[in-house]
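Student:
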Amino acid sequence: MTTTRPQGAATRPDVPSEIWVLVVSAFLIAIGFGLVSPVLPAYARSFDVGVAAASTVVSAFAFFRLVFAPAGGALVSKFSERPVYLTGLLVVAASSLATAFAQSYTELLIYRGLGGVGSTMFTVSAMALLVRLAPPTIRGRVTSYYASSFLVGGMVGPVLGGLLAGFGLRVPFVVYAAMLVLAASAVAYGLRGARLRAAPDRSTHPPMTVREALGHRTYLACLASAFANGWCNFGVRVAVLPQLAIAVRNEPWVAGVVLAVAAAATAATLQVAGRLTDSVGRKPLVIVGLGITAVGLGVIGLADSLWLLLVLSVVSGVGAGLVNPGQQAAVADVIGNERSGGTVLSTFQMSQDAGAILGPILVGLVVDAAGYGWGFSTVAIISALAVLPWLAAPETLHREPEDT
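Take 13 as the starting number for the sequence shown in this note's numbering and just add one per residue.
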């Protein structure tokens with residue numbers, strides 16, 4: 013008796029080896045980033061500043077990413093992905109080491125912000141590789157693998173960061189720098205001799221411009237969800253949620269556990285979301301994910317116990333896990349495999365960074381003035397607004413960008 017496999021299953025392309033190298037590197041980067049996430053707000057507060065000022069340190073990193081994003085796309089186009097990726101990692105490593113030895117809040121703000129320059133370099137490089145190397149039929153799966161590596165590292169990092177904080181708030185930043193150097197070494201070795209430039213026949217296809225991409229309603233929707241994702245998951249969750257956790261239970265390990273639980277929920281969701289993105293579609297995953305995020309983070313400011321805080325962190329993590337694969341695959345669909353789109357990708361990244369900048373600052377101000385409940389309610393509003401353009405956006409699964 014023979015078993016008939018679904019059409020396309022037997023010919024499903026393999027994940028390119030270059031992507032696996034990026035996945036391993038992302039895991040190492042995420043562990044290091046996770047080390048400093050739970051301690052960064054407390055480290056900033058040690059310089060006698062308030063919640064808003066402490067949150068601004070997180071936003072400074074995103075601000076420099078935002079400002080440098082256009083240049084990052086241009087550097088990738090001129091020098092190719094590998095050298096830009098490696099340089100970016102080393103810049104962030106140097107920034108982290110300098111942050112560990114900051115002597116004032118101003119120095120901390122500057123050193124942490126400069127790390128955003130390097131972050132943009134390796135982020136845009138990685139995104140360009142993922143878009144170009146991932147076959148269209150497995151874009152969701154590739155995105156979920158890459159995102160999962162970040163999230164698994166994000167589960168390990170905060171717990172270790174909370175433990176390392178017992179040896180001093182500066183220690184995690186030194187270890188973070190070491191992890192970045194290790195990641196750079198992995199990429200330098202794993203991508204040595206790899207052919208990373210575009211194929212010769214791609215030169216006949218002009219790069220997609222931002223103006224052209226803005227003509228696609230799906231790309232406009234991606235910009236909206238990227239802003240909301242940056243506001244909620246890369247801004248408020250990283251900068252303000254650890255401070256809420258400590259306010260609920262004043263112990264240093266709590267912030268790390270809360271971030272780790274949310275990351276674990278996201279990582280688990282990604283395993284399903286990546287495949288659903290390639291079968292059900294990009295659009296429904298993003299819409300549902302934004303709705304769940306609105307519920308999870310929107311009411312978490314009302315939590316008055318550690319257990320409730322953990323439950324709502326899980327809910328918010330599920331929402332983030334649904335949003336990411338869908339919106340990133342949709343951007344890749346708009347660009348397509350036959351064209352480069354460095355500026356289109358960097359603009360998408362800029363939208364996310366803009367949310368990550370504004371979210372912690374504005375929510376921090378609301379928290380200082382009215383409390384955590386009102387502060388986190390902004391997350392529900394931003395997420396709900398981001399759903400609106402997706403309702404009018406066409407589905408891009410199995411569709412060439414010219415047909416959208």
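Glycine included, C-beta positions come from ideal geometry on N, C-alpha and C.
Take Leu403 and list the residues in its own chain whose beta-carbon comes closer than 7 Å to its own, dropping the five residues that flank it on each side.
Tutor: By 1-based counting over the sequence shown, the position of residue 403 is 391. Contacts found: none.
Student: Restricting to Cα atoms, I'd like to know which of Ser71, Arg144, Thr149 is closest to Asn245.
Tutor: Walking along the sequence shown from the start, residue 245 turns up at place 233. Answer by Cα proximity: Ser71.
Student: Using beta-carbon positions only, say whether Ala38 and Ser161 come within less than 8 Å of one another.
Tutor: As a first step, residue 38 is located in the sequence shown; it is residue number 26 there, counting from the start. As a first step, residue 161 is located in the sequence shown; it is residue number 149 there, counting from the start. In this structure, Ser161 lies closer than 8 Å to Ala38 by Cβ.
Student: According to DSSP, is Arg144 part of a helix, a strand, or is it coil?
Tutor: Walking along the sequence shown from the start, residue 144 turns up at place 132. Three-state result, Arg144: helix.
Student: Write down the C-beta distance between Gly247 and Ala381 rounded to the nearest angstrom, noting that I regard them as a contact closer than 8 Å.
Tutor: Here residue 247 is taken as the residue at index 235 of the sequence shown, counted from 1. Here residue 381 is taken as the residue at index 369 of the sequence shown, counted from 1. Going by Cβ atoms, the distance from Gly247 to Ala381 rounds to 18 Å, so no, they are not a contact pair.
Student: With 16 other CB atoms within 10 Å as the buried threshold, where does Arg249 fall?
Tutor: For the purposes of this step, residue 249 is taken as the residue at position 237 of the sequence shown. Arg249 comes out buried.
Student: Looking only at C-alpha atoms, which of Thr359, Phe360, Ser389 sits nearest to Pro372?
Tutor: Sequence index remark: in the sequence shown, residue 372 carries index 360 (1-based). When each option's Cα is compared against that of Pro372, the closest is Ser389.
Student: My assumption, with CB atoms under 8 Å, is that Leu192 sits in contact with Ser108. Please give the rounded CB distance.
Tutor: What you label residue 192 is simply residue 180 of the sequence shown in a count that begins at 1. What you label residue 108 is simply residue 96 of the sequence shown in a count that begins at 1. Indeed they touch by this definition, with Cβ atoms about 7 Å apart.
Student: Is the distance from the Cβ of Tyr158 to the Cβ of Leu34 below 8 Å?
Tutor: Counting from 1 along the sequence shown, the entry for residue 158 is found at position 146. Counting from 1 along the sequence shown, the entry for residue 34 is found at position 22. In contact: Tyr158 and Leu34 (Cβ atoms closer than 8 Å).
Student: Can you give me the Cβ contacts of Ala396 inside the same chain, cut-off strictly under 6 Å, excluding the 5 residues immediately before and after it?
Tutor: Taking the sequence shown and counting its residues from 1, one reaches residue 396 at position 384. Ala306, listed in sequence order.
Student: Compute the Euclidean distance between the alpha carbons of Arg182 and Thr111, then round it to the nearest angstrom.
Tutor: Stepping through the sequence shown from its first residue, residue 182 is reached at position 170. Stepping through the sequence shown from its first residue, residue 111 is reached at position 99. Computed Cα separation, rounded: 8 Å.
Student: State buried or exposed for Tyr201, treating a residue as buried only when at least 16 other CB atoms are found within 10 Å of its CB.
Tutor: Stepping through the sequence shown from its first residue, residue 201 is reached at position 189. That one is exposed.
Student: Short check: CB of Gly169 to CB of Ser49, under 8 Å?
Tutor: In the sequence shown, counting from the first residue as 1, residue 169 sits at position 157. In the sequence shown, counting from the first residue as 1, residue 49 sits at position 37. For Gly169 and Ser49, yes; Cβs fall inside 8 Å.
Student: Thinking just about the alpha-carbon of each residue, which of Val164, Val88, Phe80 is nearest to the one in Leu126?
Tutor: Numbered from its first residue, the sequence shown carries residue 126 at position 114. Nearest of Val164, Val88, Phe80 to Leu126, Cα basis: Phe80.
Student: For the region 135–154 against the region 217–225, are there 3 or more C-beta pairs whose distance is under 8 Å?
Tutor: Because the criterion of three Cβ pairs below 8 Å is not met, the region 135–154 and the region 217–225 do not touch.
Student: In or out: Leu47 buried (at least 16 other Cβ within 10 Å) or exposed?
Tutor: Within the sequence shown, residue 47 is the residue found at index 35, counting from 1. It counts as buried.
Student: What separation, rounded to the nearest whole angstrom, lies between the Cα atoms of Val194 and Leu40?
Tutor: Residue 194 sits at position 182 when you count from the first residue of the sequence shown. Residue 40 sits at position 28 when you count from the first residue of the sequence shown. The sequence given here has Leu at residue 194, not Val. Approximately 7 Å, taken between the alpha carbons.
Student: Could you check whether Leu282 and Leu101 sit closer than 8 Å to each other, using their CB atoms as the reference points?
Tutor: Translated into the one-based positions of the sequence shown, residue 101 becomes position 89. Translated into the one-based positions of the sequence shown, residue 282 becomes position 270. Not a contact, by the Cβ cut-off of 8 Å.
Student: How should Leu400 be labelled, buried or exposed, when 16 other C-beta atoms within 10 angstroms of its C-beta is the threshold for buried?
Tutor: Taking the first residue of the sequence shown as 1, we reach residue 400 at position 388. Exposed: under 16 other Cβ atoms inside 10 Å.
Student: So which of Val335, Ala54, Phe113, Leu87 has the shortest CA-CA distance to Ala238?
Tutor: Working through the sequence shown from its first residue, we reach residue 238 at position 226. Nearest C-alpha to Ala238: Val335.
Student: My parser needs the alpha helix (DSSP H) runs of 4 or more residues fully inside the region 364–412; what are they?
Tutor: Within the region 364–412, the complete alpha helix (DSSP H) runs of at least 4 residues are 384–404.
Student: Mind checking Asp345: buried by the 16 CB within 10 Å criterion, or exposed?
Tutor: In the sequence shown, residue 345 corresponds to position 333, counting from 1. Flag for Asp345 reads buried.
Student: Under the three-state reduction of DSSP, which class applies to Asp345: helix, strand or coil?
Tutor: Here residue 345 refers to the residue found at position 333 of the sequence shown. Residue state, collapsed to three classes: helix.
Student: Note the first and the last residue of the continuous alpha helix (DSSP H) segment covering Arg261.
Tutor: In the sequence shown, counting from the first residue as 1, residue 261 sits at position 249. Arg261 -> no alpha helix (DSSP H), and no H or E assigned at all.
Student: Does the beta-carbon of Gly180 have 16 or more other beta-carbons within 10 angstroms, so that it is buried, or is it exposed?
Tutor: The residue given as residue 180 occupies position 168 in the sequence shown. It counts as exposed.
Student: Along the alpha helix (DSSP H) that carries Leu52, what are the first and last residues, could you check?
Tutor: Position 40 of the sequence shown holds residue 52. Segment 52–57, the alpha helix (DSSP H) holding Leu52.
Student: Please state whether DSSP places Leu203 in a helix, a strand or coil.
Tutor: For the purposes of this step, residue 203 is identified with residue 191 of the sequence shown, where counting begins at 1. Coil at Leu203, not helix or strand.
Student: Could you confirm whether any beta carbon from chain D is found closer than 8 Å to the beta carbon of Pro296?
Tutor: Checking the listed chains, one finds no chain D in this structure; it contains a single protein chain.
Student: For a minimum of 4 consecutive residues, which ranges assigned as the alpha helix (DSSP H) are wholly contained in the region 60–141?
Tutor: 63–91, 93–112, all fully within the region 60–141.
Student: Can you tell me the Cα-Cα spacing of Tyr384 and Thr359, whole angstroms?
Tutor: Residue mapping note: residue 384 aligns to position 372 of the sequence shown, counting from 1. Residue mapping note: residue 359 aligns to position 347 of the sequence shown, counting from 1. Approximately 31 Å, taken between the alpha carbons.
Student: Roughly how many angstroms separate the alpha carbons of Val284 and Met167, rounded to a whole number?
Tutor: Counted from its first residue, the sequence shown places residue 284 at position 272. Counted from its first residue, the sequence shown places residue 167 at position 155. If I take the Cα positions, the gap works out to 18 Å.
Student: Mark Lys90 as exposed unless 16 or more other C-beta atoms lie within 10 angstroms of its C-beta, in which case mark it buried.
Tutor: Along the sequence shown, one-based indexing puts residue 90 at 78. By the 10 Å Cβ count, Lys90 comes out exposed.
Student: On the DSSP letters alone, give me the boundaries of the alpha helix (DSSP H) that Phe241 sits inside.
Tutor: Taking the sequence shown and counting its residues from 1, the one referred to as residue 241 is at position 229. Before going further, note that residue 241 is Asn rather than Phe in the sequence given. Element bounds for Asn241: 229–241.
Student: List the endpoints of the continuous alpha helix (DSSP H) containing Leu47.
Tutor: As a working note, residue 47 is residue 35 in the sequence shown. Segment 29–48, the alpha helix (DSSP H) holding Leu47.
Student: In chain order, what residues of the same chain have a beta carbon less than 7 Å from the beta carbon of Val252, not counting five sequence neighbours either side?
Tutor: Here residue 252 corresponds to residue number 240 of the sequence shown, with the count starting at 1. Ser67, Pro372, Val375, Gly376, Val379, Gly387.
Student: One question on the structure: do Leu120 and Phe59 come within less than 8 Å of each other, judged by their Cβ atoms?
Tutor: Counted from its first residue, the sequence shown places residue 120 at position 108. Counted from its first residue, the sequence shown places residue 59 at position 47. Their beta carbons are under 8 Å apart, which means Leu120 touches Phe59 by this criterion.
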